[in-house]
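Student: Its first residue numbered 1, the sequence shown is counted upward by one per residue in full-length UniProt numbering. Below is a structure I'd like to ask you about.
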Amino acid sequence: MPAYQRILLKLSGEALMGDDAFGINRATIVRIVDEIAEVTRLGVQVAIVIGGGNIFRGVAGGSVGMDRATADYMGMLATVMNSLALADTMNKAGLVARVMSAIGIEQVVEPYVRPKALQYLEEGKVVVFAAGTGNPFFTTDTAAALRGAEIGAEMVLKATKVDGVYTADPNKDPAATRYTTISFDEAMARNLQVMDATAFALCRDQKLPVKVFSIFKPGALRNVVMGADEGTLVHV
Ligand code: UDP
């Protein structure tokens with residue numbers, strides 16, 4: 001029996017790159033979709049927020065010298081592309097996926113309408129929330145916190161390259177150890193990077209737990225929804 005009935009999975013754009021320098025790596029997206037399919041088969045309702053950093057990021061790279069809000073809209077459009085790729089891959093794998101966008105782009109994907117999203121989830125469809133929050137100066141981490149709270153997800157699953165929150169950067173400090181659980185307050189006091197400050201504050205205020213885990217570790221997503229000791233649970 002899964003430990004959770006409804007989750008919000010946050011994937012960074014980089015998660016789709018695999019070993020490539022940018023863009024979407026086919027084998028990687030197929031593998032991630034396999035992991036998602038496995039948890040839906042357990043009966044877990046899955047909503048997804050995907051980033052856009054593999055294509056465009058508003059605060060770096062191609063955006064240098066650009067108006068920040070314009071660059072951020074480009075970043076949001078990048079998340080729409082990733083959402084379409086992810087939903088297409090899920091549909092081909094036998095899942096039923098729906099993309100809902102926070103910005104009006106109706107010829108491409110339907111707009112985000114909360115009751116409709118809830119209906120899709122009840123029907124067992126995987127809902128991908130595209131275009132972040134729809135506002136510049138925010139991130140897809142914040143979109144994950146926001147949508148997670150809106151749909152009543154029991155947990156936000158933040159998929160990263162590292163399998164949890166560590167006492168120090170495990171790539172630099174071999175003595176670093178992983179927290180199994182940590183409170184929002186302690187994570188903040190220790191200045192540990194979980195999510196950006198806006199997303200972090202929203203999850204803490206809404207008492208929405210965040211699980212940080214590695215999407216590159218086979219079976220980790222399943223372990224998380226089964227309630228196993230996987231990654232780090234950040235709780236109130
Ligand atoms: N973005 C935004 N508002 C949002 C979500 C995203 O303006 O609500 C823009 C922002 O420019 C960001 C880019 O979209 O840099 C891609 O999102 P993010 O950096 O969160 O992607 P990730 O790092 O998860 O791939």
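Beta carbons are placed, not taken as given, at the ideal position from N, Cα and C, and that holds for glycine.
1. Leaving out the 5 sequence neighbours to the left and right, which residues in its chain are closer than 6 Å to alanine 78 when beta-carbon positions are compared?
2. By the DSSP assignment, the alpha helix (DSSP H) with phenylalanine 200 in it spans what residues?
3. Please name the residue, chosen from Lys207, Leu95 and Pro2, that lies closest to valine 156 on a Cα-to-Cα basis.
4. What do you get for asparagine 171, buried or exposed, if any count of 16 or more other CB atoms within 10 angstroms of its CB means buried?
5. Quick one, which of Ser63, Ala85 and Arg6 has its alpha-carbon nearest leucine 16's?
6. With a 10 Å radius around its C-beta and 16 neighbouring C-beta atoms as the bar for buried, classify proline 209 as buried or exposed.
7. Can you name the residues that DSSP bridges to phenylalanine 129?
8. Got a sec? Which residues, its chain only, sit under 8 Å from valine 109 by beta carbon, not counting five neighbours each side?
9. Can you grab the Cα-Cα spacing for the pair isoleucine 48 / valine 127, in whole Å?
10. Say yes only if the C-beta of serine 12 is nearer than 6 Å to one or more non-hydrogen atoms of the ligand UDP, and no if none qualify.
11. Does any heavy atom of the ligand UDP sit closer than 6 Å to the C-beta of proline 111?
12. For phenylalanine 138, verify whether its CB is less than 6 Å away from any heavy atom of the ligand UDP.
13. So leucine 202 and leucine 118 are supposed to be a Cβ contact under 8 Å. How far apart are they, rounded?
14. With distances taken from CA atoms, which of Gly148, Val194, Phe200 and Asp72 is nearest lysine 161?
15. Thinking C-alpha only, which one of Val46, Arg114, Pro2 and Ser214 is nearest alanine 87?
16. Between Phe22, Ile29, Thr198 and Asn191, which has its C-alpha nearest asparagine 91's C-alpha?
17. Rounded to whole angstroms, what's the CA-CA distance from aspartate 34 to alanine 93? Just pull it up for me.
18. Any idea which residues DSSP pairs isoleucine 182 with across the strands?
19. Compute the beta-carbon to beta-carbon distance between leucine 95 and alanine 37, rounded to the nearest angstrom, for a pair I have assumed lies under 8 Å.
20. Runs of 4 residues minimum, wholly inside the segment 133-170: which ones carry the alpha helix (DSSP H) assignment?
21. Rounded to a whole number of angstroms, what is the C-alpha to C-alpha distance between tyrosine 112 and aspartate 173?
22. Hey, quick one: how far does the beta strand (DSSP E) through isoleucine 215 stretch, first residue to last?
23. Can you pull the DSSP bridge partners for proline 111?
Tutor: So, from the listed chains and residues:
1. The sequence position of residue 78 within the sequence shown is 78, counting from 1. Hits under 6 Å: Gly52, Ile55 and Phe56.
2. As a working mapping, residue 200 is identified with position 200 in the sequence shown. 197-205 is the extent of the alpha helix (DSSP H) around phenylalanine 200.
3. As a working note, residue 156 is residue 156 in the sequence shown. Checked all of Lys207, Leu95 and Pro2; the closest Cα to valine 156 is Lys207.
4. Along the sequence shown, one-based indexing puts residue 171 at 171. Exposed.
5. Looking up residue 16 in the sequence shown gives position 16. Checked all of Ser63, Ala85 and Arg6; the closest Cα to leucine 16 is Ala85.
6. Residue mapping note: residue 209 aligns to position 209 of the sequence shown, counting from 1. With 16 or more Cβ atoms within 10 Å of its Cβ, proline 209 is classed as buried.
7. Reading the sequence shown from its first residue, position 129 is the one you call residue 129. Bridge partners of phenylalanine 129: Val49 and Met100.
8. In the sequence shown, residue 109 corresponds to position 109, counting from 1. Val80, Ser83, Leu84, Val99, Met100, Ser101 and Ala130.
9. For the purposes of this step, residue 48 is taken as the residue at position 48 of the sequence shown. For the purposes of this step, residue 127 is taken as the residue at position 127 of the sequence shown. Going by the C-alpha atoms only, they are around 6 Å apart.
10. Working through the sequence shown from its first residue, we reach residue 12 at position 12. For the ligand UDP, at least one heavy atom lies less than 6 Å from the Cβ of serine 12.
11. As a first step, residue 111 must be located in the sequence shown, where it is residue number 111. Not so, every heavy atom of the ligand UDP lies at least 6 Å from the Cβ.
12. For this step, residue 138 is matched to residue 138 along the sequence shown. Because some heavy atom of the ligand UDP lies under 6 Å away, the Cβ of phenylalanine 138 counts as near it: yes.
13. Mapped onto the sequence shown, residue 202 falls at position 202. Mapped onto the sequence shown, residue 118 falls at position 118. Actually they are not in contact, since the Cβ atoms of leucine 202 and leucine 118 sit about 19 Å apart, beyond 8 Å.
14. In the sequence shown, counting from the first residue as 1, residue 161 sits at position 161. The residue with the shortest Cα to Cα distance from lysine 161 is Val194.
15. Counting from 1 along the sequence shown, the entry for residue 87 is found at position 87. Of the candidates Val46, Arg114, Pro2 and Ser214, the one whose C-alpha sits nearest the C-alpha of alanine 87 is Val46.
16. Locating residue 91 in the sequence shown gives position 91, counting from the first residue. The shortest Cα separation from asparagine 91 among Phe22, Ile29, Thr198 and Asn191 belongs to Ile29.
17. Indexing the sequence shown from 1 puts residue 34 at position 34. Indexing the sequence shown from 1 puts residue 93 at position 93. Computed Cα separation, rounded: 8 Å.
18. To locate residue 182, count along the sequence shown from 1; it is residue 182. The partner list for isoleucine 182 (beta bridge, DSSP) reads Val234.
19. On the sequence shown, residue 95 is found 95 positions in, with the first residue counted as 1. On the sequence shown, residue 37 is found 37 positions in, with the first residue counted as 1. That belief holds up - the Cβ atoms of leucine 95 and alanine 37 are roughly 6 Å apart, short of 8 Å.
20. 140-150
21. Locating residue 112 in the sequence shown gives position 112, where the first residue counts as 1. Locating residue 173 in the sequence shown gives position 173, where the first residue counts as 1. The alpha-carbon atoms of tyrosine 112 and aspartate 173 are separated by roughly 43 Å.
22. The residue you call residue 215 lines up with position 215 of the sequence shown. No beta strand (DSSP E) contains isoleucine 215, which DSSP labels as neither H nor E.
23. Residue numbering aside, residue 111 sits at position 111 when the sequence shown is read from its first letter. Partner(s): Ser101.
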